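Remarks on the structure that follows.
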Amino acid sequence: MALTSAGWVDAHSARLRRNIQYSTINYNPRLGEGSQGFPAAPYKFQKTKKNPKGEATRIDYIMGYGTGLRVIDYEVVIYLTGKAFNTDYQASDHQMVKATFAFP
Numbered sequence: 001m002a003l004t005s006a007g008w009v010d011a012h013s014a015r016l017r018r019n020i021q022y023s024t025i026n027y028n029p030r031l032g033e034g035s036q037g038f039p040a041a042p043y044k045f046q047k048t049k050k051n052p053k054g055e056a057t058r059i060d061y062i063m064g065y066g067t068g069l070r071v072i073d074y075e076v077v078i079y080l081t082g083k084a085f086n087t088d089y090q091a092s093d094h095q096m097v098k099a100t101f102a103f104p
């Protein structure tokens, strides 16, 4: 059974979403063989007919559970210098995911 079918809320469903064009992980066939894990720059997903919002793949989730729980915003936290990662903030092969929930 899917978590959302059991009453869980996926933070990605928020109306306000930032940086959804960047994946939550830096392992992507589109990055090339030598760029997995800690590439110089992230792969930026583009809008297409099959992906009209330009949403990136993700393996990191924030879920909430509870009656009346609302998701306010969602963000893939990524710090860039131009198109490249700012290495001062790249401590993992994943991007941090941040969300704000409103509790009743």
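Residue 1 is where the sequence shown starts when you use the UniProt record's numbering, and the numbers rise one by one after that.
Just so you know, even glycine gets a beta-carbon here, dropped at the ideal spot from N, CA and C.
Given the structure is predicted, the values throughout are model-derived calculations rather than measurements.
>> For a quick check, are the C-beta atoms of residue 48 and residue 73 less than 7 Å apart?
In response: no
> Within 10 angstroms of its Cβ, does residue 104 collect 16 or more other Cβ (buried), or is it exposed?
Replying inline: exposed
> Could you give the uninterrupted runs of the alpha helix (DSSP H) lying entirely in the stretch 39 to 103, keeping only those of 4 residues or more?
Replying inline: Taking only runs of at least 4 residues, no alpha helix (DSSP H) segment lies wholly in the stretch 39 to 103.
> Counting pairs of Cβ atoms below 8 Å between the stretch 63 to 70 and the stretch 3 to 13, do you hit three or more?
Replying inline: yes
> So what does DSSP say about residue 18, is it helix, strand or coil?
Replying inline: strand
>> Residues in the same chain with beta-carbon distance under 7 Å from residue 13, minus the five sequence neighbours each way, listed in chain order, please.
In response: Excluding its 5 nearest sequence neighbours in each direction, residue 13 has C-beta neighbours in its own chain below 7 Å: 71, listed in chain order.
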